[in-house]
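Chemist: First residue of the first sequence? That's 1 in the UniProt record's numbering, and the numbers climb one at a time after it. We put the beta carbon where it would ideally sit given N, CA and C, even for glycine.
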Amino acid sequence: MDFAITPPPAKTVSAAMAISQFPENPKSLILHQCKTPRDLNQVHAHLIKTRLIFNPSIAENILESAALVLANSMEYAVSIFDKIAGPNSSAYNVMIRGFTYKQSPERAVALFEEMCQNSVQPDEFTFPCVLKACSRLGALSEGKQIHAQVLKLGFGLEGFVGNTLIHMYASCGGIHIAHKLFDRMPDRGVMTWNSMFAGYSRSGNWIEVTELFRKMLESGVQFDEVTMITVLTACARLADIELGKWVGDYIKANGLKRNPTLTTCLVDMYAKCGSLDLARILFDQMEQKDVVAWSAMISGYSQARKCKEALDLFHQMQAAEVDPNEVTVVSVLSSCAVLGALETGRWLHLFVKKRWVKLTVPLGTALVDFYAKCGMIDKAIEVFMEMRCKNVFSWTALIQGLASNGQGKRALDFFRQMQEENVPPNDVTFLGVLSACSHSGLVEEGRDFFVSMNRDFDIEPRMEHYGSMVDILGRAGRIEEAYQFINNMPIMPNTVIWRTLLASCRAHKNVVFGDESIKRIAEIEPLHSGDYILLSNLYASVGRLEDAMRVRSLIKEKGIKKAPGCSLVELDGVVHEFLSEDDSRSCSSEIYRATEDMINRIRSAGYVPNVEEVRLDVEEDDKEVSLSHHSEKLAIAFALIKTRPRTTIRISKNLRVCSDCHNAAKVISKVFDREIIVRDRNRFHHFKDGSCSCNDFW
DNA sequence: TTAGGGTTAG
1 MDFAITPPPA KTVSAAMAIS QFPENPKSLI LHQCKTPRDL NQVHAHLIKT RLIFNPSIAE
61 NILESAALVL ANSMEYAVSI FDKIAGPNSS AYNVMIRGFT YKQSPERAVA LFEEMCQNSV
121 QPDEFTFPCV LKACSRLGAL SEGKQIHAQV LKLGFGLEGF VGNTLIHMYA SCGGIHIAHK
181 LFDRMPDRGV MTWNSMFAGY SRSGNWIEVT ELFRKMLESG VQFDEVTMIT VLTACARLAD
241 IELGKWVGDY IKANGLKRNP TLTTCLVDMY AKCGSLDLAR ILFDQMEQKD VVAWSAMISG
301 YSQARKCKEA LDLFHQMQAA EVDPNEVTVV SVLSSCAVLG ALETGRWLHL FVKKRWVKLT
361 VPLGTALVDF YAKCGMIDKA IEVFMEMRCK NVFSWTALIQ GLASNGQGKR ALDFFRQMQE
421 ENVPPNDVTF LGVLSACSHS GLVEEGRDFF VSMNRDFDIE PRMEHYGSMV DILGRAGRIE
481 EAYQFINNMP IMPNTVIWRT LLASCRAHKN VVFGDESIKR IAEIEPLHSG DYILLSNLYA
541 SVGRLEDAMR VRSLIKEKGI KKAPGCSLVE LDGVVHEFLS EDDSRSCSSE IYRATEDMIN
601 RIRSAGYVPN VEEVRLDVEE DDKEVSLSHH SEKLAIAFAL IKTRPRTTIR ISKNLRVCSD
661 CHNAAKVISK VFDREIIVRD RNRFHHFKDG SCSCNDFW
């Protein structure tokens with residue numbers, strides 16, 4: 001061979017040198033020397049030249065190299081395999097294994113069938129490979145046929161075949177069969193147990209995972225890191241901090257923290273169980289943090305509604321130059337949605353467009369939810385339409401988004417479309433549907449949907465569904481009907497239900513049922529400041545000012561804290577905060593002046609302050625001033641002077657908008673020619689041209 | 001030659 005004279009690069013030398021002294025059994029040589037396709041080509045060429053390829057055992061060795069070396073393709077291996085006259089079971093095994101590992105499990109199963117047709121008897125190595133392929137495919141019926149073959153050929157449950165059979169059944173939805181085999185298994189090792197865990201965790205049966213783990217501990221079989229990973233995942237989903245901590249302590253005591261996957265699971269478990277600080281300590285201690293570790297910590301914050309922390313950590317992740325993946329983006333988007341962080345969310349959307357051509361279901365859904373929660377409902381619809389694949393989550397996000405943005409009828413149109421496309425709604429979808437009816441005053445429709453969810457979809461109404469129904473009736477002024485509805489509830493109504501009724505009583509000036517609601521709330525828990533304020537306003541609305549004052553003074557007497565009204569407005573990515581009657585800001589006089597100007601202008605356009613809801617402890621003359629200093633008015637006035645004409649103003653509020661501010665905002669939108677979007681605790685108000693998207697139902 | 005794992009959306 002000529003390259004013994006002129007040495008080519010190192011890698012080729014080793015392969016070539018080896019070839020010149022080809023050993024009797026070349027298996028390990030071929031496997032070790034063939035590291036690249038080029039090596040493989042050379043060895044293969046040599047085998048053909050020397051006719052060694054016709055030696056079945058040598059052909060098999062090169063076949064195995066071809067199946068293992070080339071990263072994503074089996075074509076080279078196929079070309080060798082096709083030239084083997086009468087391949088034996090070992091050759092088939094190599095090919096089946098190759099297909100299984102190289103993401104073509106369906107070809108692995110097909111080849112197994114071909115093997116049987118060619119009367120080549122499978123051996124104890126064939127079955128684990130082909131069963132693994134079935135597991136990957138979720139191919140239960142093929143798996144069952146293979147099981148029959150296993151029995152026919154007399155293989156028992158011992159060893160690998162038994163374990164892979166259990167794994168196959170467990171991961172293809174045949175968990176009961178898997179359990180039967182597991183029970184009959186003569187010698188259950190850690191792999192046997194892990195195969196069962198894999199099945200339960202794949203189907204989300206987290207309780208079964210923890211119960212099985214306790215049985216494993218009783219049995220005395222030593223668990224391993226894979227077991228702990230599955231168990232920790234289950235603890236996270238179940239918020240089972242007790243068992244989770246036990247595993248955590250075991251990991252600490254046995255010095256297993258160096259396994260980053262295991263630590264990531266611990267971080268995730270602590271975060272999902274609410275111990276965010278513990279999670280963060282572990283996370284900070286991790287030497288190597290991959291994208292999954294970062295995502296676990298970020299989603300921990302996001303799910304705990306610590307959205308600012310989630311965004312901060314995301315920025316740290318970018319600073320650490322770790323590339324976010326889909327999961328990261330989905331978590332961060334959901335935090336942006338809660339915060340109304342429009343700029344960051346938009347940036348993420350651009351990032352998604354650049355990075356991933358196809359919108360996946362979770363990504364699309366997170367974007368729909370994000371835009372809807374930022375009041376950009378048209379953009380939410382646009383993203384939804386772009387999604388090629390949608391599931392019940394995506395439809396629900398859109399329906400809820402439309403409902404909270406005051407487009408109840410459109411929400412119901414989408415609900416009908418969802419049914420036409422055969423996507424079955426779930427309990428949360430119905431919350432969106434009922435909320436659409438409530439916000440749009442669709443009483444009869446709401447009642448029909450409430451009946452239909454149980455009758456046609458077999459969904460048992462939860463407390464929230466009953467609450468929505470009370471809201472629908474109450475808002476429409478059908479207070480007595482709402483009261484009867486509560487009395488007929490098959491479950492014990494909670495305070496949310498009674499507070500919903502109380503709010504309706506306030507809106508419709510119904511003192512009788514208002515008093516009754518307060519009584520019922522007080523039976524369950526101490527009254528909130530909001531309850532007193534609603535009751536006080538209710539009395540004031542029917543002219544019982546003394547009672548109103550008495551209720552107000554109770555707040556002070558009992559020392560009940562009131563949550564101050566707070567509005568946020570985002571300008572150039574900076575969030576400004578306003579509190580009611582806030583004079584702490586350095587520019588407050590400027591803002592108060594702007595507020596005054598704003599009020600004067602809308603007064604001349606017909607705005608009349610509604611003093612009914614003003615704090616009753618304020619002196620009569622001051623009432624209108626107090627009204628004009630509600631946080632949303634301050635925020636709107638601030639935005640009016642700080643932004644260019646016609647720019648949309650976006651306000652986020654911690655409480656519900658009061659009726660006076662609602663009225664004022666309508667007039668402001670017309671007088672100043674501005675679209676104003678206010679997100680309150682429950683929903684959106686899009687003020688434009690003197691009216692609001694909520695049609696004054698809120 | 002043969003088996004197992006973590007983060008995501010309403």
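Return the bridge partner residues of V575 from the DSSP annotation.
Modeler: DSSP lists E570 as partners of V575.
Chemist: Is the beta carbon of L217 sitting closer than 8 Å to the one on F197?
Modeler: Contact: no.
Chemist: Where does R674 fall in DSSP's three states?
Modeler: DSSP places R674 in coil when its eight states are reduced to three.
Chemist: Between which two residues does the alpha helix (DSSP H) holding K215 run?
Modeler: First-last of the alpha helix (DSSP H) with K215: 206 to 219.
Chemist: Run through DSSP, which three-state label would F684 get?
Modeler: Three-state DSSP puts F684 in a strand.
Chemist: Just the C-alpha distance for D458 and N488, rounded to the nearest angstrom, thanks.
Modeler: One C-alpha to the other measures close to 20 Å.
Chemist: Along the chain, where does the alpha helix (DSSP H) containing I175 start, and where does it finish?
Modeler: Counting along the chain, the alpha helix (DSSP H) containing I175 begins and ends at 175 to 184.
Chemist: Taking 8 Å as the limit between beta carbons, can you name the residues of its chain near L571, skipping five residues before and five after?
Modeler: Contacts found: A639, K642, T643.
Chemist: Classify I649 as helix, strand or coil using the three-state DSSP reduction.
Modeler: I649 falls in the strand class under three-state DSSP.
Chemist: Going straight from the alpha carbon of D224 to that of M168, what length do you get?
Modeler: Using only the alpha carbons, I get a separation of about 20 Å.
Chemist: DSSP beta-bridge partners for R355?
Modeler: DSSP lists no partner for R355.
Chemist: When we look at the beta-carbon of R646 and count the other beta-carbons within 10 Å, is it buried (16 or more) or exposed?
Modeler: Its Cβ having fewer than 16 others within 10 Å, R646 is exposed.
Chemist: Would DSSP call R416 helix, strand or coil?
Modeler: The answer is helix: DSSP assigns R416 an H, G or I state.
Chemist: I want to know whether the stretch 385 to 396 touches the stretch 677 to 684 - three or more CB-CB distances under 8 Å.
Modeler: In short, these stretches do not touch, since the Cβ pair count stays below three.
Chemist: Between the Cα of A366 and the Cα atoms of F351, G98, S334, which residue gives the shortest distance?
Modeler: Cα-wise, what sits closest to A366 is S334.
Chemist: With DSSP run on the structure shown, which of helix, strand or coil describes C336?
Modeler: Residue state, collapsed to three classes: helix.
Chemist: Keeping to the same chain, check which residues put their C-beta closer than 6 Å to that of C566; ignore five residues upstream and five downstream.
Modeler: Cβ neighbours of C566 beyond the five flanking positions: L579, S631, N654.
Chemist: Less than 8 Å separating the beta-carbons of R475 and S438?
Modeler: Yes; because the gap between Cβ atoms is below 8 Å, this pair is in contact.
Chemist: Sorted by chain position, which residues of the same chain lie with C-beta nearer than 6 Å to A522's C-beta, five sequence neighbours on each side aside?
Modeler: Cβ neighbours of A522 beyond the five flanking positions: none.
Chemist: Once DSSP output is grouped into helix, strand and coil, what is the label at R544?
Modeler: Correct three-state label for R544: coil.
Chemist: I'd like the list of long-range same chain contacts for R478, defined as Cβ closer than 8 Å, with 5 residues on each side in sequence excluded.
Modeler: The residues are V443.
Chemist: What number of angstroms, rounded off, separates the C-alpha of A133 from the C-alpha of N695?
Modeler: Cα to Cα, A133 sits roughly 58 Å from N695.
Chemist: Got a sec, what are the start and stop residues for the alpha helix (DSSP H) F449 sits in?
Modeler: Start and end: 443 to 455.
Chemist: Quick check on this structure: which residue in V423, G446, M95 has the alpha carbon closest to the alpha carbon of V433?
Modeler: The shortest C-alpha separation from V433 is found at G446.
Chemist: Assuming residue 702 and T126 form a contact by the criterion Cβ under 8 Å, report the distance between their Cβ atoms to the nearest whole angstrom.
Modeler: With the chain covering 1 to 698 only, the question about residue 702 has no answer from this structure.
Chemist: Opposite Q691 in the DSSP bridges: which residues?
Modeler: The sequence given here has Ser at residue 691, not Gln. Paired residue(s): K688.
Chemist: Check R644 in the structure and name its three-state DSSP category.
Modeler: Three-state result, R644: coil.
Chemist: Using only alpha-carbon positions, find the residue among C273, V338, D290 that is nearest to residue 721.
Modeler: Past the edges of the chain, shown from 1 to 698, lies residue 721, and the structure says nothing about it.
Chemist: Tell me the DSSP secondary structure of R679 in three-state form.
Modeler: Three-state DSSP puts R679 in a strand.
Chemist: Rounded to a whole number of angstroms, what is the C-alpha to C-alpha distance between G248 and G255?
Modeler: C-alpha separation (whole angstroms): 11 Å.
Chemist: Assuming contact is defined by CB atoms lying nearer than 8 Å, are V671 and I602 in contact in what I supplied?
Modeler: Cβ distance < 8 Å, so V671 and I602 count as in contact.
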